[in-house]
Amino acid sequence: MTETMDQIYSSWANRLRKNQGIRSLMDDLGKATGHPDEILLGGGNPAHIPEAEEIFQDVFASLAKDPNVKSLLGDYQAPIGNDHFREVAAEYLSPLLQSNLKKENIAFLNGSQNAYSYLLNLHAGPMEDGSFKKILLPIVPEYIGYADQTINEGTFIANPPNVVPTGKNRFRYELDKRSFDLTDVGALAISRPTNPTGNILSLSDLEWMEEKTKPKNIPLLIDLAYGNPFPNLIGNEAPIHYESGRTISLSFSKIGLPGVRLGILISDSDTIETVSSFSAVGNLAVGNLGVYMMELLFQRDILPKLSINILRPFYEAKRDQALALFTTAFQKMGVDYEIHDPMGGFFLWIRFPSLSISNQKLYHLCKDKRLFIVSGHYFFPGLNTDFSHTEECIRLTYCRKEEELARGAQILAEIVASHQAKSK
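Everything in the sequence shown is counted per our numbering, starting at 95 for the first residue and increasing by one.
So, in structure tokens, the structure goes:
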């Protein structure tokens with residue numbers, strides 16, 4: 095029998111080997127067996143929408159017939175994409191983001207997750223002047239995938255939210271401006287719509303933050319994976335545009351192409367150039383398939399119409415369906431619950447105020463029943479104040495079929511009902 099040598103790893107490696115939210119989520123997604131009893135409400139995989147997939151298949155078929163397919167398959171690009179594709183993106187995105195973009199403002203990465211692993215380490219950690227800069231999350235909960243991306247530990251600080259009741263069994267998180275502190279902050283990071291809650295910070299809140307950050311030269315990193323200009327899952331909220339001091343990331347994943355792994359960064363030329371150095375070391379080059387598909391999608395002006403006419407109506411209908419199914423199941427079982435107003439994206443963020451176990455324990459009990467959800471405790475990196483929601487909330491996707499959502503709602507309601515405190 096071969097003995098395994100005890101390995102000695104770096105501090106960062108040992109931190110990553112611990113229980114990570116993003117790894118747990120993706121492991122659940124990737125290890126699904128296809129068993130008919132599995133109910134996959136945990137991951138961020140977009141729904142399979144036939145009308146959208148027909149469009150993507152047509153684009154893919156066009157690429158396969160293109161004489162330049164040999165370059166797609168057989169040539170490296172530059173670390174953040176060749177100049178031609180960057181110029182295509184700058185020209186196409188300029189009117190959509192109401193800015194005069196140049197290729198120097200554009201970088202392609204292998205997904206926005208990859209992009210943020212560079213951005214967060216670019217703006218935080220030990221600095222050359224001896225200081226240690228941190229990433230401020232202006233409002234939590236915030237995206238599960240940010241937490242473990244920084245090489246240095248203790249990089250995140252979080253601003254606790256105000257919790258505002260908005261109706262029976264409904265609430266919303268709002269920016270707490272009283273506790274907003276920029277001490278030792280290197281950058282702010284937000285997603286809009288926010289993953290996990292579906293919250294959409296108002297433009298006035300963004301402008302208020304920038305009034306504080308711009309005099310200190312602190313950039314605002316804005317993740318638009320679910321936002322405008324595509325897939326544009328923002329309901330009636332105002333779109334956000336590019337301007338100096340902002341770094342915006344777009345993603346092809348949530349339009350229905352997660353396997354393509356294409357993220358687009360829009361920022362100032364110096365940030366883009368620095369990200370290129372990160373990418374050269376970490377990736378050598380961006381993958382070809384995403385940018386080749388992007389060029390055709392942009393040439394045919396497909397994405398705005400796809401977003402407004404297909405994606406947004408589909409996800410809004412799924413949201414309403416899920417709200418009805420889970421509300422009915424919870425009320426039937428006498429579950430004490432609150433749901434964050436789902437303004438965009440494709441998740442429900444649900445709080446169980448009377449839960450007698452932790453949300454992490456609830457996750458495992460659900461998993462035992464083949465129901466996959468995500469424990470909410472992962473979504474509060476850097477929060478150092480007591481906040482009951484960290485132990486009482488879960489995230490689930492409503493991208494699945496109605497029958498699967500209904501079974502998931504029933505199982506979740508039964509488990510929560512059996513683990514509620516008798517009185518608040």
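Don't be surprised by glycine CBs; every beta carbon is placed ideally from N, CA and C.
According to DSSP, residue i sits in a beta bridge with which residue or residues?
i	result
K227	G219
W443	R489
E268	N256
I133	L465
Under a three-way DSSP split, which group does residue i fall into?
i	result
T421	helix
A107	helix
V468	strand
T260	strand
F202	strand
G239	coil
G384	helix
R494	coil
E331	coil
M95	In this predicted model, M95 has a pLDDT of only 47, less than 50, meaning its place in the structure is not dependable; the value taken from the coordinates is given anyway. The answer is coil: DSSP assigns M95 none of H, G, I, E or B.
S517	The pLDDT assigned to S517 is 49, lower than 50, so where the model puts this residue is not dependable; a value taken from the coordinates is nonetheless given after this. S517: coil per DSSP, three-state reduction.
F474	coil
S512	coil
I527	Absent from the model: residue 527. The displayed extent of the chain is 95 to 518, so no value can be given.
G561	A question about residue 561 goes unanswered here, because the residues of the chain that appear run from 95 up to 518.
L449	strand
I505	helix
V234	coil
F372	helix
D480	coil
Q415	helix
I294	coil
E337	coil
Q207	helix
Q393	helix
P398	helix
P140	coil
P352	helix
K112	coil
Y409	helix
M427	helix
Start and end of the beta strand (DSSP E) containing residue i?
i	result
T307	From DSSP, T307 is part of no beta strand (DSSP E) but of the alpha helix (DSSP H) over 297-307.
R340	340-345
I316	314-317
E519	In this structure the chain extends from 95 to 518, so residue 519 is not present and cannot be described.
H285	The amino acid at residue 285 is misidentified as His; the sequence shows Ser. S285 -> beta strand (DSSP E) spans 279-285.
Around the C-beta of residue i, are 16 or more other C-beta atoms found within 10 angstroms, so that it is buried, or is it exposed?
i	result
S104	exposed
G428	exposed
A418	exposed
G224	exposed
A374	exposed
K262	exposed
D242	buried
I433	buried
H483	buried
K348	buried
N176	buried
A515	exposed
S343	buried
E247	exposed
Y492	buried
R494	buried
F226	exposed
S273	exposed
M95	At M95, the pLDDT of 47 sits below 50, so the modelled position is not reliable; the number obtained from the coordinates is stated separately. M95 should be labelled exposed.
V182	buried
K518	With a pLDDT of only 43 at K518, under 50, the local geometry of the prediction cannot be trusted, and the value read off the model is given with reservation. Classification for K518: exposed.
Please report the residue range of the alpha helix (DSSP H) in which residue i lies.
i	result
V153	144-159
E247	Careful: E247 lies outside any alpha helix (DSSP H) and carries neither H nor E.
L190	177-190
L166	163-168
Three-pair Cβ contact test at 8 Å for the region 436-454 versus the region 280-300: yes
The region 288-304 touching the region 219-235, judged by at least three CB pairs closer than 8 Å: yes
Contact between the region 479-489 and the region 446-453 (3+ Cβ pairs under 8 Å): yes
Cβ contact (3+ pairs, closer than 8 Å) linking the region 381-398 and the region 305-324: yes
Cβ contact check for the region 330-339 and the region 300-315: 3 or more pairs under 8 Å: yes
Contact between the region 251-259 and the region 204-214 (3+ Cβ pairs under 8 Å): no
Inter-stretch contact (C-beta, 8 Å, three-pair minimum) for the region 495-511 and the region 461-474: yes
Segment contact, 8 Å Cβ cut-off, at least three pairs: the region 131-151 with the region 470-479: no
Stretch-stretch touch, CB-based, cutoff 8 Å, three pairs: the region 146-160 with the region 358-374: no
Touch test, the region 214-222 against the region 186-204, Cβ-Cβ under 8 Å, three pairs minimum: no
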